[in-house]
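**Student:** The structure that follows is given in the form of structure tokens.
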Amino acid sequence: MKYGFINLTRPILKRRNTNFVTTIVRKRASTGVCSLKDDDFDRITKGKIELYWKDKVNQNLYNEDDTTRDKFYILSMFPYPSGKLHMGHVRVYTISDAVARFYRMKGKNVIHPMGWDAFGLPAENAANEHQIDPKEWTAINIATMREQLNALNYSFDWDREITTCDPKYYRWTQELFLRLFEKGLIYQKEEYVNWDPVDKTVLAEEQVDVNNKSWRSGAKVERKLLKQWFIRTTAFAKSLLDGLNDPTLKEWRDIIKIQKNWIGDCNGVSFEFELVSNITQLPKTINLWTDKPAFVRFAKFVVISPSSVLNQQEYSDDVNAQIRKMKATVINPFTKQELPVFISKELVFPTSRDNYLGIPSASIEDFKFAESVGIQFQRHNIRSHEELQNELNEVLSTAKKWNIGGYPVSCRLKDWLISRQRYWGTPIPIIHCENCGIQPVPRNQLPVMLPKIDPNVALKGHSTLLNAKEWLQTVCPNCGNHAIREADTMDTFVDSCWYFLRYIDPKNQEEMFSMEKAKKILPVDLYIGGKEHAMLHLYYARFINHFLYEEGLVPTREPFKQLLVQGMVMGRTYQISNTGQYIKESDVIKDKVNNQYEEKNTGRPVTVTWEKMSKSKHNGIDPLELLEHHGIDTTRLLILADVAPTSHRNWSTDTIPGITNWQHRIWRTLKEFISMREHLSLEELQTAPTNPKYVKDDEYMFDSRNYFLKMVTFNITESQQLSVAISRMQGLTNSLRKVCSDCKLKSREYERALATQIIMLAPLAPHLASELWAAFCSIPHHLISREEVQLDKDVLEQRWPEIDMNYNMTMTVHVNNRSFGTSKG
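What follows is the structure, given as structure tokens:
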């Protein structure tokens, strides 16, 4: 069986007890501001409602001392502080806020933090451009964006706010570096690396696209030989691959495929070999991968791809050339034997590798190559499986002991290059001493603070820690002699690979986080963010968590239980067809005869497409303008409606009338209910209904409440289709408006359905729902049971409604698109 699912359709009704349950309200929830009597639901009314409820809807945040509720950790990917929210921000944080409010109403103790991914090139480049210090630039942007997020009134726990460029945070990033360093998982070596000629810094393999261009600047990447710092992520490759089969992972969908493809099958082993040569363009070591690690002692030669060591002209001349032997030797660490190095294209290199370890006694292709270049070797005796396994275990154990590899890994996966030759990043806590070599900064000297850089130097557009001459000078912590600080900073992915751990204990100045709190709060129950981070960020974050799990610091190997990967918000773009120039929508007209677009002034044909919103493409929408015109709750509903969170959204104003009309329908529905009920006495409420439609409508309300409640709950917790949840809520609104007046007046089921409508709306539109609930609770007598609702509390303090136990549904079971029967009951 590949998969199965259950199709829940409309119910087979079962008659239930319809005796009236009367509650006389002695204490009421907040009274609201509009009372729904004289006000239309226009922009002015929305503004009054949101102003009144703004400070009242965010009061049930995480309580560390609460032991009565289960925790639920909801994490949305923290933003880079650019200074301005865009629609992508609004989408991800509206989703996380709605889900956080839902789980609070489900009785969970919800942690919902926020912070800032504040280091990196964009801030540094922008600060240089505006002739301001990056620290000051970043602080201004954070203040602006925090204000914008608060304008949308998200229920973040701001007491947990973190900022990666704050020394109180990056002191622990440096601590993480030292932990990895002490375990042999961080090392420095000379290597050919990807160099961005525009941003003047090194890029990891993961930060170069398929066209060999920088993910950040778009520049064509160059190859450069530099001494760099690496994290040995390959040591956890098998663990990270196996972890993707963890049964606790929920809704990872195609992210598992993306991660597995990135890690690859761990069907080989890589080793670090010493490279001896008088050729200055070659590094001192070479990383070689083989799928025959048990035979590594029998390696006889190394082949390097021409493109990796020759310039373009030499490479062109070498295309048809014979095998070329280099003036270089590779030392086999297990035998100390010198292996000759050849430049050739005759062998098939492993995927993503530009070198090859030749083992003639274990491969017919290697045997033929060795013969062609005159390499002599002895054939080894055929050995048993047990002998091979013992040989393999010894080789791997020795390699790990010597810190030269020895871990199961795919040929395509390499270690994480974290050195960056820019100023605005976490300083690497290493000291270089001529006598003692590489020395870690003592922990009592952390954090290694970023120095102030001469603005005249910084404003030239390329500032590094090499410019901080005084700061570089220090003493060796081992011998006390003069030494030099490491001048590279860390890749910003190092800051963000562990931020979810700092949120659980952000004010702790004694350790990265409390193990006791980690056991209580971790793992993250729901992680929400863009699919563009499904490969790099998730891979690095998973690596760090796997490492800390082995260290006994976190309770689970996998850091994130459930993922909600939201699609991008796309804007309509207009380009001059023959040039590709982007122009504004206001400069375009549509030829109704030919149904084509053209530029107003020139008549040139215009191509219309949907692309990720961008200022340069003139297709962005300012979310604050939406907020100004429609208010908080309508903006929230607009961003959530119509399209599932996991899908890309082509932004259109066509959604607005549907959402505003629905809000008006709910408003009118409750307004009519109050006008009918508010002056009735208890005796009048209890008199028997006279309309012959009452019984049927009463059953219809029972049906509608349970059906739509079931669907909305499923769409929030399981399918993660908030847009469908909104459609279901709209269906309940339609049901409420269909029944007869007697049902609205005297039916307990109508009242329960109306209460459920308002409660289900609360996580998505908290201000409007709070006002509606206050009006609902203003009627002195209710038929609804206090076991279901607490009329003396506001709507966000209500428990999420439950489905009636005597409600029957039709269950159809499908497996692999085949129906296997229907069950009723």
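Using this note's numbering, the first residue of the sequence shown is number 161, and each one after it goes up by one.
Using N, Cα and C, we set each Cβ at its ideal position, and we do this for glycine too.
Using only the alpha-carbon positions, how far apart do Cys325 and Lys360 sit?
**Tutor:** Cα to Cα, the separation comes out at about 21 Å.
**Student:** Identify, in the order they occur along the chain, each residue of the same chain with its Cβ nearer than 7 Å to the Cβ of Ile598, setting aside the five sequence neighbours on each side.
**Tutor:** The residues are Gln348, Ile590 and His592.
**Student:** Rounded to whole angstroms, what is the Cα-Cα separation between Gly424 and Ala395?
**Tutor:** About 14 Å.
**Student:** Considering only the beta carbon of each residue, do Met730 and His808 sit closer than 8 Å?
**Tutor:** Against a cut-off of 8 Å, the Cβ pair of His808 and Met730 comes out as a contact.
**Student:** Can you tell me which of the three DSSP states Tyr734 falls into?
**Tutor:** Correct three-state label for Tyr734: strand.
**Student:** Is Phe262 near Ile876, with beta carbons less than 8 Å apart?
**Tutor:** Contact: yes.
**Student:** Less than 8 Å between C-beta atoms, sequence neighbours within five positions excluded: which residues of the same chain meet that for Asn179?
**Tutor:** Residue placement at Asn179 cannot be trusted, given a pLDDT of 42 that sits under 50; the coordinates are not used to answer.
**Student:** Compute the Euclidean distance between the alpha carbons of Glu676 and Glu224, then round it to the nearest angstrom.
**Tutor:** Computed Cα separation, rounded: 12 Å.
**Student:** Measuring alpha carbon to alpha carbon, tell me which of Gly727, Lys904, Gly712 and Lys744 ends up nearest Thr733.
**Tutor:** The shortest Cα separation from Thr733 among Gly727, Lys904, Gly712 and Lys744 belongs to Lys744.
**Student:** Can you give me the C-alpha to C-alpha distance between Arg320 and Ser242, rounded to a whole angstrom?
**Tutor:** Straight-line Cα distance between these residues: approximately 21 Å.
**Student:** What beta strand (DSSP E) runs, 3 residues minimum, are completely inside the region 538-595?
**Tutor:** Complete beta strand (DSSP E) runs here, min 3: 565-569 and 590-593.
**Student:** Bridge partners of Lys398, per DSSP?
**Tutor:** Answer is none; Lys398 lacks a bridge partner.
**Student:** Going by DSSP, which residues form a beta bridge with Tyr352?
**Tutor:** In DSSP, Tyr352 forms a bridge with Leu385.
**Student:** Under 8 Å, do Gly640 and Lys691 count as touching if we go by C-beta distance?
**Tutor:** No; because the gap between Cβ atoms is not below 8 Å, this pair is not in contact.
**Student:** Within a Cβ cutoff of 6 Å, which residues of the same chain sit near Tyr163, ignoring the five residues on either side of it in sequence?
**Tutor:** At Tyr163 the pLDDT is 32, less than 50, meaning the model places this residue with poor confidence; the figure from the coordinates comes in the next sentence. None.
**Student:** I believe Gly518 touches Val429 by the beta-carbon criterion, under 8 Å. Please report the beta-carbon distance rounded to the nearest angstrom.
**Tutor:** Gly518 to Val429, Cβ: 16 Å. No contact.
**Student:** Determine the DSSP secondary structure at Ser812, reduced to helix, strand or coil.
**Tutor:** Ser812 falls in the coil class under three-state DSSP.
**Student:** Where Val955 and Trp822 are concerned, what is the direct C-alpha to C-alpha distance, given to the nearest angstrom?
**Tutor:** Approximately 19 Å, taken between the alpha carbons.
**Student:** Considering just the uninterrupted stretch of the alpha helix (DSSP H) at Leu499, what are its terminal residues?
**Tutor:** Looking at the DSSP string, Leu499 is not in any alpha helix (DSSP H); the run it does join, the beta strand (DSSP E), is Glu498 to Ile503.
**Student:** Kindly identify the DSSP beta-bridge partner or partners of Arg645.
**Tutor:** According to DSSP, Arg645 bridges with Ile591.
**Student:** Starting from Leu340 and walking both ways along the alpha helix (DSSP H), at which residues does that stretch end?
**Tutor:** Looking at the DSSP string, the run of the alpha helix (DSSP H) that includes Leu340 is Pro327 to Glu342.
**Student:** Which full runs of the beta strand (DSSP E) of 3+ residues lie inside the region 702-747, going along the chain?
**Tutor:** Taking only runs of at least 3 residues, the beta strand (DSSP E) segments lying wholly in the region 702-747 are 720-726 and 729-736.
**Student:** For Gln473 and Pro466, what's the separation of their Cα atoms in angstroms?
**Tutor:** At Gln473, the pLDDT of 48 sits below 50, so the modelled position is not reliable and the matter cannot be decided from this model.
**Student:** Indicate whether Phe455 and Thr558 have their beta-carbon atoms separated by less than 8 Å.
**Tutor:** For Phe455 and Thr558, no; Cβs fall outside 8 Å.
**Student:** As a quick exercise: from Asn810, Asp857, Arg702 and Thr205, pick the residue whose alpha carbon is nearest that of Lys906.
**Tutor:** Among Asn810, Asp857, Arg702 and Thr205, the Cα nearest to that of Lys906 belongs to Asp857.
**Student:** Determine whether the beta carbon atoms of Val115 and Ile704 lie at a separation below 8 Å.
**Tutor:** Nothing can be reported for residue 115: it is not among the residues displayed for the chain, which extend from 161 to 985.
**Student:** Quick one: what's Leu686 bridged to in DSSP?
**Tutor:** Ile234 and Gln722, per the DSSP bridge assignment.
**Student:** Just reading off the beta strand (DSSP E) that Glu758 is part of, what are its end residues?
**Tutor:** Counting along the chain, the beta strand (DSSP E) containing Glu758 begins and ends at Gln756 to Glu759.
**Student:** So Tyr854 is in the alpha helix (DSSP H); what residue range does that whole segment cover?
**Tutor:** From DSSP, the alpha helix (DSSP H) with Tyr854 extends over Tyr854 to Thr877.
**Student:** Rounded to the nearest angstrom, what separates Asn738 and Thr813 at their Cα positions?
**Tutor:** The alpha-carbon atoms of Asn738 and Thr813 are separated by roughly 29 Å.
**Student:** With a cut-off of 8 Å, do at least 3 Cβ pairs link the region 650-658 to the region 272-284?
**Tutor:** Output reads yes: the region 272-284 touches the region 650-658.
**Student:** With 16 other CB atoms within 10 Å as the buried threshold, where does Gly995 fall?
**Tutor:** With the chain represented from 161 up to 985, any question about residue 995 goes unanswered, as that position is not in the structure.
**Student:** Tell me the DSSP bridge mates of Phe433?
**Tutor:** Beta-bridge pairing links Phe433 to Ile446.
**Student:** Name the two residues that bound the continuous beta strand (DSSP E) containing Glu771.
**Tutor:** Start and end: Pro765 to Lys772.
**Student:** Pick helix, strand or coil for Glu411, following the three-state DSSP scheme.
**Tutor:** Glu411 falls in the coil class under three-state DSSP.
**Student:** Helix, strand or coil for Tyr263? Go by DSSP, reduced to three states.
**Tutor:** In the structure shown, Tyr263 sits in a helix (DSSP, three-state: H, G or I).
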